[in-house]
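In the working numbering, the protein residues as written are 5 to 224.
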């Protein structure tokens, strides 16, 4: 994502300004990731606390402290709200003009697909799977992020090797379903298998299958 002089790369967990890396704590990085993904929607303080500190009680000052860090990293002086806006008595929103870097997004997706040929179909969205571990969950930085309270931070892991792909639940509260059945052990995936994680219905697309599944799954 590009906005002003900044480039925010969620995959590599890096924020740069005019090509120079900007230091951010993990929580401030996750905050920016959430606000950018949801822009221009304003997120309540309760929702942001749940996203950043799931299943953990934190004090009222924790979120403003992280917001302040993110604003300083973006070069905002006290009282400025050029990029991150405070919604009085509610929460925060990203209000800057941001655009996806289409070239890097396409090249990253193409590289992942070229390496494994495997992907997840979520509605009309195709998410390439990289070699090795691919995490699905609510946490920013997962291969596929599903912003739902029904999804754990790291809900499931899909491993892609030269011998195929497997999926495993990572001890999530609501479980992972394959073909309508909740899995307890690491499960091998076949082309067209439906994976249910929280509200998301995903379809696994195997390497070389060459089939089109648009419409077989939906984001909710």
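We put the beta carbon where it would ideally sit given N, CA and C, even for glycine.
Bridge pairing for residue 126: 129 and 206 [DSSP].
The Cβ atoms of residue 28 and residue 40 lie no closer than 8 Å to each other. Distance between residue 102 and residue 46, taken at the CA atoms: about 15 Å.
Annotation for residue 36: the continuous alpha helix (DSSP H) segment containing it runs 30 to 42. No residue range can be given for residue 144, since it is assigned to no alpha helix (DSSP H) and is classified by DSSP as neither H nor E. Here residue 153 is exposed. Its C-beta has fewer than 16 other C-beta atoms within 10 Å.
Per DSSP, residue 18 is one residue of the beta strand (DSSP E) stretching across 18 to 21. Per the C-alpha coordinates, the member of 167, 145 and 165 positioned closest to residue 157 is 145.
Look at residue 47 here: in three-state DSSP terms it is strand. Annotation for residue 200: the continuous beta strand (DSSP E) segment containing it runs 198 to 201. Pairing residue 143 with residue 170 gives a Cβ-Cβ distance that is not under 8 Å. By the 16-neighbour rule on beta-carbons within 10 angstroms, residue 64 is exposed.
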